[in-house]
Each structure stands twice: as C-alpha cells, then as structure tokens.
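Engineer: To convert, note that position 138 of the sequence shown is 138 in full-length UniProt numbering; the numbers rise steadily by one, no gaps. Let me give you the structure first, and then I'll get to my questions.
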Amino acid sequence: MEIQNAHTPSNTGREMKAILIPVVYVILTISMQYISAYPKGYKVDNFLSLYLEVPDYGSLPSGWRRHARYRLIVVNQRSEKLSRQLGNISSYCLTAGGFPSVLSLDEINSKDGGFLANGELKIAIEIDLLDIIGKVEVNGFHLLSSQVEYASRMFEKHPDTALEIHLKNPNLRTGYMNLLLSLIDTLRQSPHELPKDDLDEAHYVLESLIDAGFKLDWLEKKISQVSKMKEKAKDGEFRRQEIEEELKDLKQKSSDVEAQLEKEKSEALAAKTPISFDDIIE
C-alpha cells in the first residue's frame with residue numbers, strides 16, 4: 001500500500017488522504033478515525049466497501065461522539081471526470097459509517113475502466129473533523145470537551161482547588177464544577193461591561209462553592225479585585241463626565257475671550273488709523 005498527499009492529522013480541520021490499494025484488507029489511521037477498505041466487499045459481495053471507523057471505541061468515555069463530514073473519491077486514473085464521488089456526508093461517528101457498495105469489482109477490473117492501474121486502486125478521502133462530543137474526565141469531574149482545556153489549566157495552576165470537596169454524587173460534583181467554570185467565564189468580561197447584578201451573584205456562587213468544599217482563595221481575591229476595578233471604573237466615569245463638562249465650559253469661555261480680544265484689537269486699530277475726509281463729512 002502507498003500513501004500519497006498525507007498531512008499531519010489534527011483534532012479539527014480538513015485532511016486529505018490518497019491511498020493505493022492492492023486486493024487486500026487495508027486500514028489507514030486518520031487522527032481519531034481510521035479508514036477500512038474492503039476490496040472484495042463487507043457484508044456484500046463483489047463490491048468495494050469503504051468505512052470511516054473509530055479505533056478502540058470501548059476505551060472512550062461514555063457518550064463520546066465525533067462530528068465529521070467526509071467525502072470518498074475512487075479516482076479514475078485515466079480521466080478525473082470519471083472518478084466516482086460519494087457525496088458530502090454529515091454524521092456523528094460512533095463506531096463506524098461508510099458505504100458497503102462503493103464500486104463493483106467488474107467496474108474496478110475493467111481494462112478500459114481506468115480505475116485500476118498496475119493492479120492498484122487510488123482512493124481519495126476528504127475529511128472535515130469537527131467537534132468531539134462527549135465527556136472527558138478531568139481530576140474526577142466529567143466535563144465536556146470544550147471545558148477540558150480551561151479546567152486542566154485551572155487545576156495545573158491551583159491543584160488543591162477540589163481536594164477537599166465532600167460531594168460524592170458524580171452528577172452533583174460535575175454540576176458544581178460547571179458552576180465554577182461558568183463563574184470564571186463570567187469574570188472574563190471587562191469590569192466596566194460586567195453587570196453589577198452578575199458581580200453580586202458571583203459572590204453568592206463563590207460562597208456556595210466554598211461551602212461544598214472547594215478551595216477558592218485565589219478566586220475570592222480575583223472577585224474582590226474585579227469589584228474594586230468596577231467601582232473605580234464607575235467613579236472614573238463620573239469624574240470623566242465632570243471633567244468633560246468643565247472642559248466644555250472652559251472652551252466656551254476661551255471662545256468668548258478670543259472674540260472679545262479680536263474686538264479690542266479692531267477698536268485699537270481703528271483709533272490708530274487717520275480719519276478720512278469722507279468719514280468726517282458723512
């Protein structure tokens with residue numbers, strides 16, 4: 001088997017793979033999925049079967065799913081226009097998904113078909129790997145994949161955060177952790193834009209988390225800091241408005257003084273100018 005155009009797999013994004021398959025069973029691993037190719041058919045005779053599957057599915061967390069869009073192309077090596085495309089598919093990949101009857105063996109083996117060249121068949125696989133859906137365990141808490149990064153960083157920075165919680169029920173534990181992560185997310189707003197009601201609620205939520213056994217001295221300090229910043233921002237806004245009003249008055253006074261100055265200059269200039277005959281007899 002030869003692999004062409006192989007790119008480094010990633011958790012999300014598009015990957016293009018092209019494989020040349022002799023008449024044997026083939027598995028090509030692609031990130032969290034692999035491609036199974038059955039040149040003589042799987043649960044169907046005399047057809048090429050292709051499947052996108054998940055390896056070691058039993059070892060994954062309960063409820064794990066991967067959302068993927070994929071397209072399979074059996075390449076016609078004589079004319080690209082004659083290639084067999086199996087249209088875009090959007091699915092949640094649990095264990096497997098694919099096509100049992102991609103191309104008949106008669107079409108593959110046809111001398112003039114263009115699919116088989118030197119005993120090899122070329123297949124292109126285009127995959128959009130989207131979100132992993134399911135829960136992942138982090139320090140004993142079952143969290144959504146979108147929460148894993150922030151929870152892991154929090155425990156790395158503050159490893160004793162949840163060492164003393166007395167909740168045994170896993171659902172309650174996860175519920176409180178969700179509450180903690182939501183509280184942190186709320187505090188990520190700028191102090192100026194953070195509503196006062198949300199800040200007041202943050203204090204109540206913090207008390208509930210501490211009562212449950214979470215050690216959150218670091219978060220308590222941060223909430224206090226945000227409260228002071230918001231109060232300073234409020235005072236600063238009020239002072240800014242006062243200064244703007246003062247500046248507006250000063251600009252108006254300056255404008256009036258400049259106008260008076262121009263008037264005085266004009267009158268002084270007139271007094272220094274000789275009076276003409278016409279001005280006298282007018």
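Don't be surprised by glycine CBs; every beta carbon is placed ideally from N, CA and C.
(1) Please name the residue in LEU172, SER182, ASN169 whose C-alpha comes closest to that of MET154.
(2) With DSSP as the reference, please indicate the residues paired to ALA259 in a beta bridge.
(3) Count the C-beta pairs between the stretch 228-235 and the stretch 200-218 that are closer than 8 Å, then say yes if the count reaches three, no if not.
(4) Can you tell me which residues form a DSSP beta bridge with GLY98?
(5) Does VAL257 pass the burial test, meaning 16 or more other C-beta atoms within 10 Å, or should it be called exposed?
(6) Count the C-beta pairs between the stretch 172-192 and the stretch 244-255 that are closer than 8 Å, then say yes if the count reaches three, no if not.
(7) With distance defined between alpha-carbon atoms, name the residue in ALA117, THR174, PRO39 nearest to ASN76.
(8) Kindly indicate the opening and closing residues of the beta strand (DSSP E) around PHE141.
(9) Can you grab the Cα-Cα spacing for the pair VAL26 / PHE99, in whole Å?
(10) Any idea what DSSP makes of ILE73, helix, strand or coil?
(11) If you draw a straight line from the alpha carbon of GLY41 to that of GLU80, how long is it in whole angstroms?
Structural biologist: So, from the listed chains and residues:
(1) When only C-alpha atoms are compared, the closest one is SER182.
(2) In the DSSP output, where bridge partners are listed per residue, ALA259 has none listed.
(3) no
(4) TYR51
(5) exposed
(6) no
(7) Put simply, of ALA117, THR174, PRO39 the residue whose alpha carbon is nearest the alpha carbon of ASN76 is ALA117.
(8) 141-144
(9) Confidence at VAL26 is low in this model, with a pLDDT of 38, below 50, so the placement of that residue should be treated as unreliable; the coordinate-derived value is given next. Their Cα atoms are separated by approximately 15 Å.
(10) strand
(11) GLY41 and GLU80: Cα-Cα distance of roughly 24 Å.
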